[in-house]
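Residue numbers (full-length UniProt numbering): 1 to 184. For glycine and all other residues, C-beta sits at the position ideal for the given N, C-alpha and C. Given the structure is predicted, the values throughout are model-derived calculations rather than measurements.
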């Protein structure tokens, strides 16, 4: 079944009331990032392993996902952290602080309250991801706006004292799944 909603006081859209599905895939979404590279598209390729990930630095940094169709978005699952580094002093570089934003009328708005100190990826379960549900928003673009990482700046050569400046510490995103339904 569908309901009709008014978008930006001008455009009427039909919203499917069916169950949510994963909206992000290489077939129906395009990824871009604040860090210039071709790695951003890897966050929607369905692969949650290290070789298929995006690395960000210089906070805040962001990943943007654009959908082919206007969608009603209501959840996200983020697979962050680098499996290979989970047991090193640098940790895995999982996302710590972030906002999930959506594009509405050319402006970025929060889809949910900012997240501080999100659960750290320990490397024990490669399928570990942090998942959040929120009130549905209608958009064709979602942005993961990252303001902090779990990388403490320590390295093998200095396991107790941070030697990497905060702006140079890495965040690794292996996959992002956006949940929702396409609208007509």
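Asked	Found
Could you check how far apart the C-beta atoms of residue 70 and residue 31 are, in whole angstroms? I think they sit under 8 angstroms.	At roughly 18 angstroms, the Cβ-Cβ gap does not stay under 8 angstroms, so residue 70 and residue 31 are not in contact.
For residue 125 and residue 77, I'd like the C-alpha separation in whole angstroms.	15 angstroms
Helix, strand or coil for residue 85 per DSSP?	helix
Use the C-beta contact count for residue 156: other C-beta atoms within 10 angstroms, 16 or more gives buried, fewer gives exposed.	exposed
Below 6 angstroms, is the gap between the Cβ of residue 134 and the nearest heavy atom of the ligand ZN?	Among the components of this structure there are no ligands whatsoever, and the ligand ZN is therefore not found.
Check residue 116 in the structure and name its three-state DSSP category.	coil
When DSSP labels each residue in this structure, what does residue 39 get in the three-state scheme?	coil
Sort out for me which residues DSSP pairs residue 110 with in a bridge.	101
Considering only their Cβ atoms, is the gap separating residue 176 from residue 35 smaller than 7 angstroms?	no
Using only CA atoms, which one of 109, 75, 98 lies nearest to residue 59?	98
For residue 85 and residue 93, which I take to be in contact (beta-carbon distance under 8 angstroms), what is that distance rounded to the nearest angstrom?	6 angstroms
Looking at C-alpha atoms only, which residue of 142, 91, 130 is the closest neighbour of residue 116?	130
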